[in-house]
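Colleague:
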Amino acid sequence: MPTDERLGIEISRDGGMVVITLQGELDLASAEVFSAQLDGASSGDASAIVVDLSELEFMDSTGLRTILAAQQRCGEHGRRFAVVPGSRQVARLLEVARVEDHLHLISSPNEL
Amino acid sequence: MFMTDDRSEHGGAQTLPGAPDPSGVAAALLIEAGAVLATSLDPATTMRQVAELTVPEIADLCVIDLCDEDGEIREVAVACGDEQVARDLEHMRQRHPIANDGPHPVAEAIRTGRPQLIGELSEEGLRSYASAQAHADFMIDSRYRSAIVAPLAARDRTLGALSVLRLGDGDPYTQAEADLVAELARRAALAIDNARLYSDLRGLEQRLEAILVGLAEAVTVIDREGRTVFANRAAVELLGVESMQELTQAKPGEIMGRFLVLSEDGEELSLEDMPARRLMRGEQPQPLLVRNIVKATGRERWLIARASPILDPDTGLPLYSVNVFEDITDVKRTQIAENFLAEASRVFASSLDHAQTLEQIARLAVPQLGDWCSVSLTDEHGAIQRVATHHRDPRKLELVIELERLYPHDRDDERGGVARVLSSGRALHVEVRPETLAQYARDVEHHELLQQLQLGSVIIVPMSAGGRVLGTITLASDASGRQLTEADLPLVEELGRRAGNAVENARLYTERSRIASALQQALLPEDLPQIPGASLEALYAAAGELNEVGGDFYDVFEHRDGRWVLAIGDVCGKGPRAAAVTALARHTLRAAAMSGQAPTVMVSSVHQALLGQPPGLDMCTLGLILVKLLSRPRGAHLTIALGGHPQPLLIDGEGNAKPIGRPGTLLGVLDPVHLDQTEVHMNPGDTLVMYTDGVIEAGAPSRPLGEEGLLELCTDAPKLTPAALVRRIEAAAVAHAGGSVRDDIALLVFRLHDVGTDAAVEVEARRHMGDSALR
Numbered sequence: 001m002p003t004d005e006r007l008g009i010e011i012s013r014d015g016g017m018v019v020i021t022l023q024g025e026l027d028l029a030s031a032e033v034f035s036a037q038l039d040g041a042s043s044g045d046a047s048a049i050v051v052d053l054s055e056l057e058f059m060d061s062t063g064l065r066t067i068l069a070a071q072q073r074c075g076e077h078g079r080r081f082a083v084v085p086g087s088r089q090v091a092r093l094l095e096v097a098r099v100e101d102h103l104h105l106i107s108s109p110n111e112l
Numbered sequence: 113m114f115m116t117d118d119r120s121e122h123g124g125a126q127t128l129p130g131a132p133d134p135s136g137v138a139a140a141l142l143i144e145a146g147a148v149l150a151t152s153l154d155p156a157t158t159m160r161q162v163a164e165l166t167v168p169e170i171a172d173l174c175v176i177d178l179c180d181e182d183g184e185i186r187e188v189a190v191a192c193g194d195e196q197v198a199r200d201l202e203h204m205r206q207r208h209p210i211a212n213d214g215p216h217p218v219a220e221a222i223r224t225g226r227p228q229l230i231g232e233l234s235e236e237g238l239r240s241y242a243s244a245q246a247h248a249d250f251m252i253d254s255r256y257r258s259a260i261v262a263p264l265a266a267r268d269r270t271l272g273a274l275s276v277l278r279l280g281d282g283d284p285y286t287q288a289e290a291d292l293v294a295e296l297a298r299r300a301a302l303a304i305d306n307a308r309l310y311s312d313l314r315g316l317e318q319r320l321e322a323i324l325v326g327l328a329e330a331v332t333v334i335d336r337e338g339r340t341v342f343a344n345r346a347a348v349e350l351l352g353v354e355s356m357q358e359l360t361q362a363k364p365g366e367i368m369g370r371f372l373v374l375s376e377d378g379e380e381l382s383l384e385d386m387p388a389r390r391l392m393r394g395e396q397p398q399p400l401l402v403r404n405i406v407k408a409t410g411r412e413r414w415l416i417a418r419a420s421p422i423l424d425p426d427t428g429l430p431l432y433s434v435n436v437f438e439d440i441t442d443v444k445r446t447q448i449a450e451n452f453l454a455e456a457s458r459v460f461a462s463s464l465d466h467a468q469t470l471e472q473i474a475r476l477a478v479p480q481l482g483d484w485c486s487v488s489l490t491d492e493h494g495a496i497q498r499v500a501t502h503h504r505d506p507r508k509l510e511l512v513i514e515l516e517r518l519y520p521h522d523r524d525d526e527r528g529g530v531a532r533v534l535s536s537g538r539a540l541h542v543e544v545r546p547e548t549l550a551q552y553a554r555d556v557e558h559h560e561l562l563q564q565l566q567l568g569s570v571i572i573v574p575m576s577a578g579g580r581v582l583g584t585i586t587l588a589s590d591a592s593g594r595q596l597t598e599a600d601l602p603l604v605e606e607l608g609r610r611a612g613n614a615v616e617n618a619r620l621y622t623e624r625s626r627i628a629s630a631l632q633q634a635l636l637p638e639d640l641p642q643i644p645g646a647s648l649e650a651l652y653a654a655a656g657e658l659n660e661v662g663g664d665f666y667d668v669f670e671h672r673d674g675r676w677v678l679a680i681g682d683v684c685g686k687g688p689r690a691a692a693v694t695a696l697a698r699h700t701l702r703a704a705a706m707s708g709q710a711p712t713v714m715v716s717s718v719h720q721a722l723l724g725q726p727p728g729l730d731m732c733t734l735g736l737i738l739v740k741l742l743s744r745p746r747g748a749h750l751t752i753a754l755g756g757h758p759q760p761l762l763i764d765g766e767g768n769a770k771p772i773g774r775p776g777t778l779l780g781v782l783d784p785v786h787l788d789q790t791e792v793h794m795n796p797g798d799t800l801v802m803y804t805d806g807v808i809e810a811g812a813p814s815r816p817l818g819e820e821g822l823l824e825l826c827t828d829a830p831k832l833t834p835a836a837l838v839r840r841i842e843a844a845a846v847a848h849a850g851g852s853v854r855d856d857i858a859l860l861v862f863r864l865h866d867v868g869t870d871a872a873v874e875v876e877a878r879r880h881m882g883d884s885a886l887r
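Those protein sequences? They're chains U and F, same order as listed.
Residue 1 is where the first sequence starts when you use our numbering, and the numbers rise one by one after that.
Residue 113 is where the second sequence starts when you use our numbering, and the numbers rise one by one after that.
1. Examine chain B for any beta-carbon lying closer than 9 Å to the beta-carbon of His848/F, and answer yes or no.
2. Beta carbons nearer than 7 Å to chain U: which residues of the segment 459–470 of chain F have them?
3. For Gly888/F, decide whether its Cβ has a neighbour in chain U, counting only Cβ atoms nearer than 9 Å.
4. Interface residues of chain F around Phe81/U at Cβ under 7 Å?
5. Output the distance between the C-alpha atoms of Leu351/F and Leu565/F, rounded to the nearest integer angstrom.
6. Find the nearest neighbour of Val542/F within the set Gln725/F, Arg554/F, Ser535/F and Arg527/F, judged by alpha-carbon distance.
7. Kindly list, in the order they appear in chain U, the residues whose Cβ is closer than 9 Å to that of Asp805/F.
8. Tell me whether the beta-carbon of Pro760/F lies closer than 9 Å to the beta-carbon of Gly735/F.
9. List, in chain order, every chain U residue whose beta-carbon is nearer than 9 Å to that of Thr733/F.
10. Between which two residues does the beta strand (DSSP E) holding Met368/F run?
11. In chain U, what lies closer than 7 Å to Glu809/F by C-beta?
12. Note down, in chain order, every chain U residue with its Cβ under 8 Å from the Cβ of His786/F.
13. So what does Val84/U bridge to, in DSSP terms?
14. Closer than 9 Å, Cβ to any Cβ of chain F: which residues of the segment 18–31 of chain U, in chain order?
15. Nearest-angstrom Cα distance between Glu295/F and Arg308/F?
16. How many Å lie between Val190/F and Tyr310/F at the Cα?
17. List in chain order: all unbroken beta strand (DSSP E) runs of 3+ residues lying wholly within the segment 13–42 of chain U.
18. From Lys686/F to Gly663/F, what does the alpha carbon distance come to, in whole angstroms?
19. So, are the CB atoms of Leu549/F and Leu515/F less than 9 Å apart?
20. Which of the three DSSP states is assigned to Pro132/F in this structure?
21. Which ranges does the alpha helix (DSSP H) cover as unbroken runs of at least 4 residues, wholly within the segment 687–766 of chain F, from first to last along the chain?
22. Please decide whether Glu819/F counts as near chain U, where near means a Cβ-Cβ distance under 9 Å.
23. Is it the case that the Cβ atoms of Leu678/F and Phe862/F are separated by a distance below 9 Å?
24. Determine contact between the segment 777–788 of chain F and the segment 746–759 of chain F, defined as no fewer than three beta-carbon pairs at a distance below 8 Å.
25. Could you list the residues in the segment 761–795 of chain F with a C-beta less than 7 Å from some C-beta on chain U, going in chain order?
26. Between which residues of its own chain and Gly529/F is the CB-CB distance below 6 Å, once the five residues before and five after are set aside?
27. To the nearest angstrom, report how far apart Ala388/F and Ala454/F are at their CA atoms.
28. Would you mind working out which of Ala829/F, Lys508/F, Val434/F and Ala171/F sits nearest His258/F, comparing C-alpha positions?
29. Can you list the residues of chain F that Glu57/U reaches, using a CB-CB cut of under 9 Å?
30. Taking just the CA atoms, how far does Met706/F sit from Val875/F?
31. Taking the alpha helix (DSSP H) that Ala845/F belongs to, which residues open and close that run?
32. Would you decide whether Ser234/F is buried or exposed? Buried here means 16 or more other CB atoms lie within 10 Å of its CB.
33. Between the C-alpha atoms of Gly608/F and Glu384/F, what's the straight-line distance to the nearest angstrom?
34. Buried or exposed for Met25/U, please, with buried defined as at least 16 other CB atoms from any protein chain shown within 10 angstroms of its CB.
35. Specify, as a first and last residue, the run of the beta strand (DSSP E) that His73/F falls within.
36. Taking the C-alpha atoms as reference points, what is the distance between Ser592/F and His493/F?
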């Protein structure tokens, strides 16, 4: 489901687990679209959210902030939250921001 | 003439007195026939005339039977000295028509195409011919004596039969008489056929003319000499003449002279360009779209002109040109309006410089909408300022500018249309007449200038936004050209609305840019401090438009005991919220520095400050280096703390660059944060580069500058002054981003001087520090 010129968002459900796969670029321009899609997908009986960044080409600090905010909201609703890191740039961003300790990083959605 | 008049002299049934000189009678009859048959083109009249020709010269009774296309015997003309007999026979034919396959000599003649001579008609014979008992009785009672029935054949077609009869005691017909009647029948047939053809043609013509006259499209027919030979009602109306006669009597080209005929592009067209003329020259003209303006009234119409030829059957050359003019004014106007507004919107969207866009709008409106367009705006004091003027005629443009210079619009002078529209907010349409011009003039000279403009009509509309009238657009036409009418008002009013919104947006934008720029300046240090034995250069470049406060910042200030703090950071987001967070971060840092705290504690205090903010997602990265200058050995001791910020680069005198410091958690969102403090020695000649992620992300994701690219750039650092290095990095980032970076960029470069080069670098550094303060 393409939702922005440069950001592609795909949502799949498996039981209570919702996997949100991002493609393209998650930045200042597309963060709101992603945020809205994520809120929509994680309502109801979802018990775990996985944001899969393995196909994401680029993310900036606004994108990271959006993911951290999503994690915070999931925590408030008792949902598990995990991230599959993506490209070198994305991985580097997570490293520089030193969020590994705070984010539940997994290598594939099946891991959860 | 021995037609009807003569016949009455003879009265009743009469016989030809023998045939002493049949050739003389025959010749006279045929000459008479020629004369009579040439006079009429009406089939019924022609038939009657033929019938009457024979009575009483060679017949007592003459009957012409005609068949229709199916061979049925239908029409009949009867001539007889006894009119009662004639009427009775006509009646008989109606009640008892002759069967075309029956034995009647008429049917026989038509079938065979051969003349029938029945010298002696017996009672028995008559009964055999009769279609009914009454018919037989009629023939017997009328004393049918002798008969010749000749086919009426013309152009390979048998039209019917001509019958001549002698009644009573007359002589039987001879073969010579039969030959004469046959010859007469041939001539009569041709005359009747001609009359029929003519009648058919005439009927067709009348129907065509009825169609043409009633057509909504204007139709004219023009002959080779260019004379109008026909014009329908719509054409008469379109061409603005009183009647078709006026058109047909006009000299070629005279009517066209009443119009200004323009092509779609506004080029004036001559008579020779018109399809009718081109057709006559032997060309095959395509339909031509023309803009037709009646010179006398300025009324405009858009027409599609088509011409098709009526060819001379002999030469194949066009004899006439049939011209059809389709009026597409309404369609064209709508199209023009839509195109114009779309174009205007593009102009408004192209720039926020309203003086420039309004100038373009004035140029766009001329000559599409009018001959002259002026745009005025009210300034903050309410005075009217002219911002754009354009006129089709350069000489008149000068005149208009002169007029507006000598007689500027005065809000309080209600004689001026602009002032009236400004105060009422309503559009104005004026048809200017020489005698009413004086009421707009302020003095004699003004009147003179207005006269020279030769105005025809004027529309003034308000430029408004949010209920406020910001200015006006004046559109005027020359007296000679197309006049502006009430029908043009909606388009010009819409233009006024769009222009008003564009001007308002531009004003708001300018205002916001001014505020943003002022705020941004306030968020960065006014001037970088001078650090002995070192030089500094900094850069802040906002991404995209200048109207948003960006989130990158840097700061350099003294810590304690001759130590310095170099700080660089990136607040997530843009706008007022980002500005507030930036201010908070900088002031917290400075406060923490004053109390002499260690780098990690200083960074942590910013984190705490952000957490203390109202709930939100204020997030910030911060790179901080505490510099302790060393004199023996010369150099500096660096203590680095990073909160989610990219590692600074330390470049030695050989151009070897390495990232320093250890990544720490970004600030303001996650708690607790993990921060590390790293210590590094800096040698004289070494260069320190601190940057925000906008630098390495420039051009991402397709061709980012990246950390590798930045390291590569830095290998040349020893050869460059800090200012040159900053410019080089900025240029590389912009180039990678294809001209426009996606995020703000901040750079801070610190160079520890080599012994002996201090003075030179110092001068250079100062010069560029001046630059940076202006950014």
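Idealized CB from N, CA, C, for every residue including glycine.
Modeller: The relevant details are as follows:
1. Note that chain B does not occur in the displayed structure, where the protein chains are U and F.
2. Under the 7 Å Cβ criterion, the segment 459–470 of chain F contributes no residue.
3. With chain F represented from 113 up to 887, any question about residue 888/F goes unanswered, as that position is not in the structure.
4. Taking the first sequence and counting its residues from 1, one reaches residue 81/U at position 81. Proximity of chain F to Phe81/U at the Cβ level (cut-off 7 Å) is not reached, the minimal Cβ distance being about 13 Å.
5. The sequence position of residue 351/F within the second sequence is 239, counting from 1. The sequence position of residue 565/F within the second sequence is 453, counting from 1. Straight-line Cα distance between these residues: approximately 28 Å.
6. Taking the first residue of the second sequence as position 1, residue 542/F is located at position 430. Considering only alpha carbons, the answer is Arg527/F.
7. Taking the second sequence and counting its residues from 1, the one referred to as residue 805/F is at position 693. For Asp805/F, the chain U residues whose C-beta falls within less than 9 Å of its own C-beta are Asp60, Ser61, Leu93 and Val96, listed in chain order.
8. Taking the first residue of the second sequence as 1, we reach residue 760/F at position 648. Taking the first residue of the second sequence as 1, we reach residue 735/F at position 623. Yes, the pair counts as a contact, with Cβ atoms nearer than the cut-off.
9. The count along the second sequence starts at 1 and reaches residue 733/F at position 621. Correct list: Ser61, Val96 and Ala97.
10. Position 256 of the second sequence, counted from the start, is the residue given in the question as residue 368/F. For Met368/F, there is no enclosing beta strand (DSSP E), since its DSSP letter is neither H nor E.
11. Here the question's residue 809/F lines up with position 697 in the second sequence. Neighbours of Glu809/F across chain U, judged by C-beta separation under 7 Å: Asp60.
12. For the purposes of this step, residue 786/F is taken as residue 674 along the second sequence, with counting starting at 1. For a Cβ distance threshold of 8 Å, residue set Arg98 and Asp101 of chain U lies close to His786/F, ordered along the chain.
13. As a working note, residue 84/U is residue 84 in the first sequence. Bridge partners of Val84/U according to DSSP: Asp52/U.
14. Contact annotation: in the segment 18–31 of chain U, residues whose CB is within less than 9 Å of a CB in chain F are Gly24, Glu25, Asp27, Leu28 and Ala29.
15. Position 183 of the second sequence holds residue 295/F. Position 196 of the second sequence holds residue 308/F. C-alpha of Glu295/F to C-alpha of Arg308/F: approximately 20 Å in a straight line.
16. Position 78 of the second sequence holds residue 190/F. Position 198 of the second sequence holds residue 310/F. Taken atom to atom, the span from the alpha-carbon of Val190/F to that of Tyr310/F is near 23 Å.
17. Runs found: 17–26.
18. The residue labelled residue 686/F in the question sits at position 574 within the second sequence. The residue labelled residue 663/F in the question sits at position 551 within the second sequence. Near 6 Å, if we compare the C-alpha coordinates of Gly663/F and Lys686/F.
19. Sequence index remark: in the second sequence, residue 549/F carries index 437 (1-based). Sequence index remark: in the second sequence, residue 515/F carries index 403 (1-based). No, these two residues do not count as a Cβ contact at 9 Å.
20. Along the second sequence, one-based indexing puts residue 132/F at 20. Because the pLDDT at Pro132/F is just 44, under 50, the model does not fix this residue reliably, and the point stays unresolved.
21. DSSP runs (the alpha helix (DSSP H)) wholly in the segment 687–766 of chain F: 688–706 and 711–723.
22. Translated into positions along the second sequence, residue 819/F becomes position 707. Closer than 9 Å to some Cβ of chain U, the Cβ of Glu819/F qualifies, so yes.
23. For this step, residue 678/F is matched to residue 566 along the second sequence. For this step, residue 862/F is matched to residue 750 along the second sequence. Between Leu678/F and Phe862/F, the gap from beta carbon to beta carbon is short of 9 Å.
24. Yes, since at least three Cβ pairs between the segment 777–788 of chain F and the segment 746–759 of chain F fall closer than 8 Å, the two stretches touch.
25. Shown in chain order are the members of the segment 761–795 of chain F whose Cβ falls below 7 Å from a Cβ of chain U: Pro775, Gly776, Thr777, Leu778, Val781, Leu782 and His786.
26. Your numbering for residue 529/F matches position 417 in the second sequence. Counting only Cβ-Cβ distances below 6 Å, and skipping sequence neighbours, we find Leu540 and Ile572.
27. For the purposes of this step, residue 388/F is taken as the residue at position 276 of the second sequence. For the purposes of this step, residue 454/F is taken as the residue at position 342 of the second sequence. The alpha-carbon atoms of Ala388/F and Ala454/F are separated by roughly 36 Å.
28. Residue 258/F sits at position 146 when you count from the first residue of the second sequence. Contrary to the premise, residue 258/F reads as Ser rather than His in this sequence. The candidate whose alpha carbon is nearest that of Ser258/F is Ala171/F.
29. For the purposes of this step, residue 57/U is identified with residue 57 of the first sequence, where counting begins at 1. Under the 9 Å cutoff, chain F gives Ala812, Pro813 and Ser814.
30. Within the second sequence, the letter at position 763 stands for residue 875/F. Within the second sequence, the letter at position 594 stands for residue 706/F. With a pLDDT of only 44 at Val875/F, under 50, the local geometry of the prediction cannot be trusted, and no value is derived from it.
31. Here the question's residue 845/F lines up with position 733 in the second sequence. Counting along the chain, the alpha helix (DSSP H) containing Ala845/F begins and ends at Pro834 to His848.
32. Against the second sequence, residue 234/F aligns to sequence position 122. Exposed, by the Cβ-count rule.
33. In the second sequence, counting from the first residue as 1, residue 608/F sits at position 496. In the second sequence, counting from the first residue as 1, residue 384/F sits at position 272. When rounded, the distance between both Cα atoms is 40 Å.
34. In the first sequence, counting from the first residue as 1, residue 25/U sits at position 25. Reading the sequence as shown, one finds Glu at residue 25/U and not Met. Under the 10 Å beta carbon count, Glu25/U is surrounded by 16 or more other beta carbons and is classified as buried.
35. It is not possible to answer for residue 73/F, since the shown part of chain F is limited to 113 through 887.
36. For the purposes of this step, residue 592/F is identified with residue 480 of the second sequence, where counting begins at 1. For the purposes of this step, residue 493/F is identified with residue 381 of the second sequence, where counting begins at 1. For Ser592/F and His493/F, the distance between alpha carbons rounds to 38 Å.
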